[in-house]
Every structure is written in structure tokens, then in C-alpha cells.
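For reference, the structure is listed below as C-alpha cells.
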Amino acid sequence: MREKIVLDLGKLPLHGMGTASVTWWGTLAFMLIEGTGFALVIAVYLYLMSLATAWPINTPPPDLLPGTLVTLILLTSLIPNILLSRWAEQQDLRKVRIGMVMMSMIGTLPLIVRIFEFPALKVSWDSNAYGSVVWTLLGLHTTHIITDLVDTLVLAALVFTRHGRSPRRFGDVQDNAMYWNFVVATWLPIYGCIYWLARL
Amino acid sequence: MKQSAAAPEQRDIDVERAQLTDALAETWKTPSGLWGALATVDHKIIGRRYIFTAFVFLALGGVLAALMRIQLAQPEARLLGPDRYNQIFTMHGANMMFLFAVPVMEAVAVYLVPLMVGTRNIAFPRLNAFSYWIYLAGGALLWIAFALDMGPDVGWFAYVPLSGPQYGTGKRADIWAQMITFTEISALAVAVEFVVTIFKQRAPGMTLDRIPVFVWAMLVTSFLVIMAMPAIVLASTSLILDRLVGTHFYNPAEGGDVLLWQHLFWFFGHPEVYIIFLPAVGMVSTMIEPFARRPTFGYLGLVMALIATGILAFGLWVHHMFVAGLPRLGDSFFTASSMAIAIPAGIQIFCWLATLWDGRPVFKSPLLFIIGFIVTFVIGGLTGVMVASVPFDTQVHDTYFVVAHFHYVLIGGAVFPLLGAIHYWFPKLTGRMMSEALGQWSFWLIFVGFNATFFPMHILGLEGMPRRIYTYQPDLPWHGLNLFVSLSAVILTAGFLLFFINVMRSARFGEIALDNPWDAPTLEWATTSPPPSYNFAMIPVVGSLHPLWDDRDGLPVADGLRTDRRELIVTTLATAEPQAREASPQNSIWPLWAAIATTIMLIWSIFSPWAVVWGSIPAAVALIGWFWPKGTPEDES
Amino acid sequence: MLAAPLAGCGGNWQSALDVYGSSAISLKHLIILIVAVCSLVWMLVLIALIAALWRSRDARPVSPEPGRERRMTIAVTGAVVATVLIIGTFTVMSFVATRALTVAGQDDLTIRVRGLQWWWGLEYIGPDPSSRFETANEIHIPVGRKVRLELEGLDVIHSFWVPSLAGKQDLVPGRPNELTIRAEHAGIYRGQCAEFCGMQHAHMALLVIAEPQDDFDKWAATQRQTAAQPADEQTAAGLQTFLAKPCAACHTIRGTAAVGTTGPDLTHVGNRRTIAAGLFETTRGSLAAWIADPQTIKPGNNMPMVPLTPDELRAVSAYLASLK
């Protein structure tokens, strides 16, 4: 089959940023998957709550302190996170390096508080269905913080190497920051579910 | 901006056309030998591997079916005891649904979608490789367990409390649940690849209304996978938690609910059947064009029907629970929605009939399978309308009537198009044509054998025969029909055997195929049969829905891409204008390492919850190795 | 094995098409109507398909013509509209028929049905609590009266299905369910568990015997009585063996020291047409065969093999057969 050349692609950049980046779209798709998962667990919580005569089952509602503390930490962390994303967009390597180290450290804070949050639920996962679903909700979100933290640490190491100075890496930093926003955003309905629905 | 190392970059415009294919082949090739096979990221190699594996599972599932039919041919037969039979029917269902039907549709799409949209590789090629290994691991888990008499025996949908900690003894139900995790990870990965490939890697000029219907079908299917599979991951994980660490999701004595399982399972389970069915109807809409020798009638209606089906698919799940005791008013809503989904199905059928009416048919095997599909699928769809009615369903639910219904829609609605698709795309995959004579014989044997096997089951169900029974008593009037069904299954088996023989012989000795043996209009036919590793020497530029019918001799293309690194084009979502030249990863062994680490973690977690902690460490290491940049030209930006 | 008296006079006694209950009769009308309309629709599609292929079989080249596309669009739209109307009609028909699932009538005969792996426990809860009694696997009901079945799953999910009388309903642990039936004709109707419940799901049958009110009252009166006293030496020995061996740990025989509840109530087992949930016709021989080796006959079921000497076996089976 003959080919007729009708278009020249040579001037296009070697890597797309933002919505022209396949990893941005991949991150978005992953967020959709995880978001659906979280929504379903919340639906299970509401379903079991609707069946129960008393809720929580045989236990007082969870202690507010650790969970609220985690919420505050997460919300506050959005500020450096969004700053970091902006610096990455500006492709400022020095600031990005500082920002990545910062986010690596900030990412551990909620995990430390979370060690106290699980016992503050005042119920064990194997006591009853209420215990099972709140531990699952909290556990799932914790898993997300941990995996995102590992991601952040690896990326932080990477920006200090020779691979750090490239638009591709800045795009990765932006995607990583977007995912952290998602981790914080998904926490809010879960927080409302675990701590406030139980008090209704 | 990073400085390029060593050699200056080379573009296709720098190279003579005769040397272009060599230069591209060098950059895109998969080396022969073991390392090449394990490290390839070429969607065509992975796709062919996937298709082959799925058909192996089909054959294994068929053997299980044959055993069941021999057992049921006589009342109180002694071939299979209850334990073995219960494992066999569970394996048959789980294997066919999770290891054959969904993966084979994805596999065909993994091969075809990048070619059809005019790109060089699927998005996230290493993830694609990973997803195949995970699929293989899940299948191996299930079948090895079965061989060790540890196969699940709780039905393919594993209702609690039968599959729960109290009544589901041993590890059988855990193996089922973890096999689910493997196959769901695999399917989710591929779904993400499709969404990104279809949204962002289409050839310049392939606007939304120029996307082939099969590609639309895969886009909708991928969204179904993304939104539905989390439900079953949640269900299977919570089942393992109930069984392994004592949670109470499904224990009514501690605030759990038995029906919660059914809600979660079927919220996934109903979209699951559309995950199988939509790619099949996408294949029909795309395949029918060269065999009717005209464009498919009603492109907009067909695409809307796909989208409507996908959305409606999420609103039907309670129709699997009509006799579980839920409030009647709620059930009636699901009757209405389950009946409504017949409407987009009808739209598609009428469009195909119109295409055939106005077309000039070419009676080759692919068209025979399309015709067989229409005849059989309509029966299945109509019995679906019947079971959608709550009162009707109270008599036929959990009987052989339902077994008949779902085999009609699955085999009629998905396998027939698939067999036609294999005949149709075989020349593209292998460079050889399948035997037309064997194709016609296998079609007729399968068509007659299928209807003779499954139609009587409608009657058996109405005559009181429940499903999932390992035997029945002689005083019930089911012997005659069961014997007839079992004998008919021999014809069906013969048809499939002939199909497999056709595939295997043709792969070696079939007539050599041209680039476009069917005179079809879509982009995959614009390259050689089989395509080179880089798919297209130059990316096509598309001006219509039927690029190869616009001009049968000349293909508009774009140049300017590099030949010394793996490059493809990222375009805008709606209008497919070029935005960037994106790098496509080189071959890599890391997906295999990551798959091995994940497999160890998942299998270990059947036995201990700590596997999730310790097993995640090698998995994390493998993922870091995967993503760490290797300093190749593909890293440049 | 089971020489069965069939429902009515000939025909299938477990069939949605051989119907004798008010629900099942209404459902059969719906089934026939929908099947008839659907068959017609399928025929029309087939005719359209054959016509489409037949008319185009000679390969004359065709030039595109906007008029033809427009005509086809009208035809396809018409077909879609017709589909919508048929679907709408079916939906309405289905809603109307749903009312047939609840039977009308005076509500004073209630039977609690318990589903267990792999038999049916039955408790008759009449209007008068002192006249309750328990039995298993065989339900008697008076013809023409509404009967309410309270369905309880005790271990896994089972499903109560007697197609000649009514559609099915599941027995779900933790979720009490209900089914109302009314037999319009006297007869014996067979049912079978219709939700996979494990090893012996295939052998979890039950009988529903609809009889005139007088016969039903006589049957119920007999059932309320305690077990028949052993009439001779052999049956007396049988009772002793029954009490001495593990039998009494699982089974109840009212009026004796046997008060186990894991297995079916055997107070009037001799009167039941079948044993082992529909597996055998009740005779002394079949009772002996069953007791001798339940695991070979119904592998995996919850009744263990209890080793008995031949004399013990003869005595126990004679005793149980005498419990009418």
C-alpha cells in the first residue's frame, strides 16, 4: 500500500505534560478504581448500619481525638503539596527537591498518629460486623497512605539523581502530588463515616 | 533539559524508505529466545499469548462440562460422587467466567486495539506484560488446587454461609477468593491500558466519530471493569478476612448479613456479563462490514447502545436475588431495569439486520458465526426478559432454565462472535488464512450441537429440575431429555474440536494471507499480516470511519518520528490532534519479577495474614526496579 | 427406588407446567403468555434475517442512496419503538402477576419450615399454641386453604420449591422469609431444595400432601400424639437400642427419652411416605438399609454410621417402621 505523507510530527515535544501525559491519565484511572473501592466500603458500612438495631454494635463510638488529629494533619499537608505541584510545573529543580523531602517527612505524620487511631476505635475487627467494617475502612485508607508514601520516597530519591532534571520527572512529581490530594480527599468521607455517623 | 548521550537522534525522515523498516525493527524488536519471551512488552506477542492461554482454559472447562454431562445422562449415576461433582461444576463456572470469557475478550482487544487506533503499542506496555503473568498465576492456582483435590466446591459465586468459615471447610473457598484477586488485578490493569490507549493514543484525525465500534466497545467495557471489579475484590477480600482473621461481615449473629455477599457479588456479577458481551457485539459491528460489503448501519445508534448498556448494567444486580426475600417493590424496580436493557440490545440487532438487508453478503465463516450469533443470542436475550420478571423467576430461578438462558447468551452472544473473530483476524495474527471448509463444518456442528444441547434445558427447568445437582432420581421424568442433552453435547464437542484442529493446522499450513484479505476498512488491515513489531512504519492519518475504503491504494501517514527510540503519538481526547511524541518502554524483565512477588504474597495470604506485610516488601522492590529510569533514549524528554 | 404416586392422575409431580396450586396456576398463565409472545418475536427476527440475506445474495454493486438510508432508519426506529412497547407490556404484566405470589385467604395455618443440611424441619404453629407439633420432610395441608410458610435457614441458604404449587423462596440464615401457598386440588406434590447447599443438595427433597380438611385434621391429630408404644418384643428391643446408641442424641421421639434436635423428629416416621428427605419409600427394609450405612447412600450427610449387630438393626428398623 502506498503511503502519502500528509503530516509532520517532528516538532512535537518528546514528552507531554498534564493531560498530554499518559501517566497523568493512568493516575486518574487508578484514582477512579480506588475511589470506587472506597465508595463501596462506605456503602457496606451504611448497609450494615441500616440493618442493626443499635449502632455501633455493643461499643461506644470511637474516640474523636486521634482521628480528628489525622484529619487536621492531612488537610494541612495539602498546602506544601500544592506548592510542590506548582514548583514542578515551573520545572524548578531546587524547589522540587526541597518539596519532595518535605512531603516525605509530612507523609509519615498521619501514620504515626494512626497507630493510636486503631485502638481508639474501641472495638476489635473480630468482635462484630461493626468492628470488621470500621477496621477495614481505616485499614484501607492506611494502606493508601503507606503506598503513596513509598512512592514519594522513591521519587524523592530519584529527583536527587541524574534522572531528576527532566520534564518527565517533573510530570511524575505532579502526578504524585495529585495522588496525595486524592488520599486526603478520600479520607474526609471516611472520617465522617467512622467518627460522626456512629454518633447519630 | 537533559543532554542526549552518545549518538545523535535519528528520525524516519533521515532514513531511506527501504531502510526505515530495518531501523524501526531494530528499535522495536523482541529478541528471540527465553529472555525475549519473558521480557517482551509487545502487545501483539502478549495478546497472542493471552488468547492462546484463554483457549487452553476453554478446553479444560469443556472437559469438565463433558464429565458433568456423562454423569447426568443417567439417573443416580456413579461416575462422579457429590464432592467431585461439586468441585467440577464450581470449577467449570469459575474457569469459564474468570479464566476464559473475560480474559479472551481482553486478549483479542490487547492485540487489536492499538492496531485499530493506529498506534505502535498499547499504553503501559510493561503493565500489560505484568497483567498476563498475574492472569496465568491465578489460573495455575485454581487448576493446581483442583488437581490436588482442593478445588473450590461452593459454586462459581460462592454464596455465604456455605463458603464462610463455618461451613466452607479447608482452604477451598480461599483459593477461589484469591484466584479472583489475581484475575481482577489482571483485568483492571488491562482496562486502564485500554482507557488511556483509546483516549490518548489514537492516530491523528481519528475523532470520536471515527473510532471503530469495536474500540468503542472496549472503552465502555473498560469503564465497566474499573467500576465493577472493586466490588468483587471487596467481596472476596472480606470473605477471606471472615475465614482467616475472624471478621463478621457475613455473620448474622454478630451484625453481619448473609445477603450482603449477594449484593456485593452481583453488583460486580451483572456488569461482568456485559464485560464479556460488549466486546463481542463490538466485534460483530466491526466484522460485519466487509461481509456485508457496506458500512455498518447506524453508527451513532450502535455507540449509544453500547454506552446505554454499560450504564444500565449497574442497575440490574438484584434480579439475581428475586427469591431471597427482599421487599417486593424494590424487586419490581429491578424487573423494569432488567427488561429495559433489552432495548439497546434490540437497537444493535436491528442495525445489523439493516446492514445485512442493504449489504451484499459474503458467506464466509465469519459471517456464518455472525448469523449463528443473531439467531442464538436473540433466544438468550428473550429468555433474559422472561427471567427479568419476578413472578416468572420464582419458578425458574436456580433451575436448568437459567442454565439454558446464560449459556444461550454467553455461548450464543459471546463465543459465536469470538469464533467468527478468530476466523476473521487469524490472517492478521499469523499471516495465514484458516480453512474455509473446516470453518463451515465446525460452524454447523457447533450451531446444531449447541442448540440441541441447551434448548431442552429450558424444558427441564420448567419440569422441575434444579441446577447444581450431581444426580437425580429415576422417578422424575428428566432422564430422556438429559440423555438427549448429553448426546447432543458430543456434537458440540466435535464442532469445537474441529475448530481447534482448524486453528492448529492453519497456523502451520494455511494459505498465506495478504495484508487485507477481506477488503476490510479498518486500520489494522493497513499493515502487513502479521504486523511488524512497530505496527506501522509511519503513523496513519485518518480522515473517516473507514480509512481503507476511502482510498484502497494510498494511506495518508505522518512522519517525523525517531527511529532510534521507541516513539508513538499522544493526541487530544476528542479531536485526536497530535500533542506530543511519547516514549514507549523497552523490553523489561521487571514485570515478571513484580508478578512473581505479587503471586507469592497473594498465595501466602491464603494461609497467613502476615503475608500482606512481609510479602509486600519484595513486591515493592520489584516495582521500584520497574519504574527506576534506565538511562535509555526513551527516558529523554 | 421410589415408586411414586403421582400428582393428580399421571404427569410430573414436580413441575411448573403441571400445576395444582393457586400461585402456580397464575404463574403458568404468565409463563405461557410471555413464552408465546417471545417466540413470535424470535420468529420475526429470523424471518427478517433470512429475508435480508436472501434478497442480497446476487452480487449486484450498490450505490449509496440517501433515500434508502432514510427508509432503513424509519424501519429500525419502528422496530425499536415496537421493542419498547413489548418490553413495557411485559413489565406491566409482570407487576400484575406479582400479586399472584401472595395467596388470599384466612390466615390461620402457619408452618415454620427450617432448612438444614440436607433435610426439612417442620413445626406446625396453629392458632392454638398447645396444638403445636413437629415433624420433618413431609408437609400435609388442607385443600383450598391458605397456608403460610415461615422460612428459616439454620445453617446455609436453602430454597423451598414445590413447583406444582408455587414459586420458590429462599431460606436465608438471619433473615426470616415467608411463602404462602394454597393447593386447589388434592394430591401429592414433590419439592426439592433449589439453592446449592453443599454435598447432598441433590437429595434434599420434600413432599407436600394436600388432602380434604377432615383427612388433614385426622393427620394433625395423630401427629400431635406421642409415639406409639412398642407392641412386641422386637420393637421394644428396638426402642432400647435406639436410646442406648447415639441415635437419641440427634433425634426426638416424643414420649420417650430421645430428645435430640440435630436430626429430624422421628415420632411418626413410620407414617411418612419417604425417608432421608425423599430418597426412599418408607419401609422396614429401606429404614434398615439407611440406618446400616447412611454415608454410602447419601455421602457427606450429617448422620454418622452407627455400627449395629444384625439383630439390633432388625429391631430398630422394626420399631421405627411401627411409629405411625
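Taken in order, these protein sequences are the chains called A, B and C. The opening residue of the first sequence carries number 1 in the working numbering; numbering runs sequentially from there. The opening residue of the second sequence carries number 201 in the working numbering; numbering runs sequentially from there. The opening residue of the third sequence carries number 838 in the working numbering; numbering runs sequentially from there. Every residue, glycine too, gets a C-beta built ideally from N, C-alpha and C.
- Task: Could you name the residues of the segment 944-968 of chain C whose beta carbon sits closer than 7 Å to any beta carbon of chain B, in the order they occur along the chain?
- Result: Per Cβ criterion, the list is empty.
- Task: Leaving out five residues on either side along the sequence, give the residues of the same chain with a beta carbon under 7 Å from the beta carbon of Ala1086 (chain C).
- Result: Within the same chain, Ala1086 (chain C) has close Cβ partners Gly1097.
- Does Ile5 (chain A) get closer than 8 Å to chain B when you measure Cβ to Cβ? Residue-level contact check: Ile5 (chain A) touches chain B, since one or more beta carbons of chain B fall below 8 Å from its beta carbon.
- Taking the alpha-carbon positions, what's the Cys1030 (chain C) to Pro674 (chain B) distance? Here the alpha carbons of Pro674 (chain B) and Cys1030 (chain C) stand approximately 17 Å from one another.
- Coarse secondary structure for Leu7 (chain A), derived from DSSP in three states: Taken through DSSP and simplified to helix, strand or coil, Leu7 (chain A) comes out as strand.
- Message: For a minimum of 4 consecutive residues, which ranges assigned as the alpha helix (DSSP H) are wholly contained in the segment 599-634 of chain B?
- Response: Runs of the alpha helix (DSSP H) spanning 4 or more residues and lying entirely within the segment 599-634 of chain B occur at 600-607 and 616-630, in chain order.
- Message: For Val113 (chain A) and Ala431 (chain B), I'd like the C-alpha separation in whole angstroms.
- Response: Straight-line Cα distance between these residues: approximately 29 Å.
- Message: So, for Pro452 (chain B): in the same chain, excluding its five sequence neighbours on each side, which residues have a beta-carbon less than 7 Å away from its beta-carbon?
- Response: Within the same chain, Pro452 (chain B) has close Cβ partners Val458.
- Message: Below 8 Å on C-beta distance, what does Leu854 (chain C) contact in chain B?
- Response: Here the neighbours are Leu662 and Glu663.
- Query: Do we get a CB-CB distance below 8 Å when we pair Ala206 (chain B) with the residues of chain C?
  - Reply: For Ala206 (chain B), the pLDDT reaches just 47, beneath the cut-off of 50, and the residue's location in the model is therefore unreliable, although a value from the coordinates is still provided. So, not an interface residue.
- Task: With 7 Å as the C-beta to C-beta threshold (strictly closer), list the residues of the segment 106-129 of chain A near chain D in chain order.
- Result: You won't find chain D in this structure, because its protein chains are A, B and C.
- Message: By the 8 Å beta-carbon criterion, what residues does the segment 1130-1144 of chain C contribute toward chain B?
- Response: Residues Pro1136 and Gly1137.
- Proximity test, Cβ basis, 8 Å: Ala820 (chain B) and chain A: At least one chain A Cβ lies under 8 Å of Ala820 (chain B).
- Selection of the segment 336-355 of chain B by Cβ proximity to chain C, strictly under 9 Å: For the segment 336-355 of chain B, residues whose beta-carbon sits nearer than 9 Å to a beta-carbon of chain C comprise Asp353, Val354 and Gly355.
- Where Ile789 (chain B) falls: helix, strand or coil (DSSP): The DSSP-derived three-state label of Ile789 (chain B) is coil.
- Task: Following the continuous alpha helix (DSSP H) through Tyr857 (chain C), name the residue where it begins and the one where it ends.
- Result: In the DSSP assignment, Tyr857 (chain C) falls outside any alpha helix (DSSP H) and carries neither an H nor an E.
- Endpoints, the alpha helix (DSSP H) within which Thr381 (chain B) is located: That run of the alpha helix (DSSP H) goes Arg372 to Lys400.
- Item | Residues from the segment 752-764 of chain B in contact with chain A, defined by Cβ distance under 7 Å | For the segment 752-764 of chain B, residues whose beta-carbon sits nearer than 7 Å to a beta-carbon of chain A comprise Asp753, Gly754, Leu755, Pro756, Val757, Ala758, Asp759, Gly760 and Leu761.
- Using a cut-off of 9 Å between C-beta atoms, extract the partners of Thr447 (chain B) located in chain C. Ordered by position in chain C, no residue passes the 9 Å Cβ test against Thr447 (chain B), which lies about 16 Å from the chain.
- Which residues of chain A have a Cβ atom closer than 7 Å to the Cβ of Ser837 (chain B), listed in chain order? Ordered by position in chain A, the residues that pass the 7 Å Cβ test against Ser837 (chain B) are Leu14, His15, Ser166, Pro167 and Arg168.
- Message: Cutting at 6 Å between CB atoms, please list the residues of its own chain near Ser485 (chain B), excluding the five before and the five after it.
- Response: If the five residues before and after Ser485 (chain B) are omitted, its C-beta is found closer than 6 Å to the C-beta atoms of Val413, Thr496 and Leu502, all from its own chain and listed in chain order.
- Selection of the segment 1021-1055 of chain C by Cβ proximity to chain B, strictly under 9 Å: Here the close residues are Arg1027, Gly1028, Gln1029, Cys1030, Ala1031, Glu1032, Phe1033, Cys1034, Gly1035, Met1036, Gln1037, His1038, Ala1039, His1040 and Ala1042.
- Closest by CA to Glu472 (chain B), which one among B:Gly455, B:Arg494, B:Val420 and B:Met704? Looking at the Cα atoms, B:Val420 is the closest of the given residues.
- Would you say Gly1011 (chain C) reaches chain B, if we count a Cβ-Cβ gap shorter than 8 Å as a contact? Closer than 8 Å: yes.
- Message: Under 7 Å, CB to CB, which of the residues in the segment 513-538 of chain B have a partner in chain C?
- Response: Cβ contacts with chain C come from Val523, Ala524, Gly525, Arg528, Ser532, Thr535 and Ala536.
- Task: Please name the residue in A:Val22, A:Leu7, A:Thr36 and A:Gly10 whose C-alpha comes closest to that of Pro189 (chain A).
- Result: Comparing Cα positions, the closest option is A:Thr36.
- For chain B, find out if any of its Cβ atoms is closer than 8 Å to the Cβ of Leu9 (chain A); answer yes or no. Chain B places a beta carbon closer than 8 Å to that of Leu9 (chain A), counting this residue as a contact.
- Message: Within 8 Å of any Cβ in chain C, is that where the Cβ of Leu823 (chain B) sits?
- Response: At a cut-off of 8 Å, the C-beta of Leu823 (chain B) has no neighbouring C-beta in chain C.
- Determine, using beta carbons only, whether Gly247 (chain B) and Ala329 (chain B) come nearer to each other than 8 Å. Taking 8 Å as the Cβ cut-off, Gly247 (chain B) and Ala329 (chain B) do not qualify as a contacting pair.
- Message: Does Leu556 (chain B) pass the burial test, meaning 16 or more other C-beta atoms within 10 Å, or should it be called exposed?
- Response: Under the 10 Å beta carbon count, Leu556 (chain B) is surrounded by 16 or more other beta carbons and is classified as buried.
- Alpha-carbon to alpha-carbon, Leu755 (chain B) and Phe616 (chain B): Spanning the two alpha carbons is a distance of roughly 33 Å.
- Query: DSSP state of Phe465 (chain B), grouped into three classes?
  - Reply: Phe465 (chain B): helix per DSSP, three-state reduction.
- Query: Is the Cβ of Gln779 (chain B) closer than 8 Å to any Cβ of chain A?
  - Reply: Yes, because at least one Cβ of chain A sits closer than 8 Å to the Cβ of Gln779 (chain B).
- Query: Mind checking if Ala726 (chain B) is an interface residue toward chain A, Cβ cutoff 8 Å exclusive?
  - Reply: Closer than 8 Å to the CB of Ala726 (chain B) there is at least one CB belonging to chain A.
- Task: In angstroms with no decimal places, state the Cα-to-Cα distance between Gly355 (chain B) and His520 (chain B).
- Result: Counting only the Cα atoms, His520 (chain B) lies some 14 Å from Gly355 (chain B).
- Task: Could you name the residues of the segment 587-614 of chain B whose beta carbon sits closer than 8 Å to any beta carbon of chain A, in the order they occur along the chain?
- Result: Taking 8 Å as the upper bound on Cβ-Cβ separation, chain A lies near no residue of the segment 587-614 of chain B.
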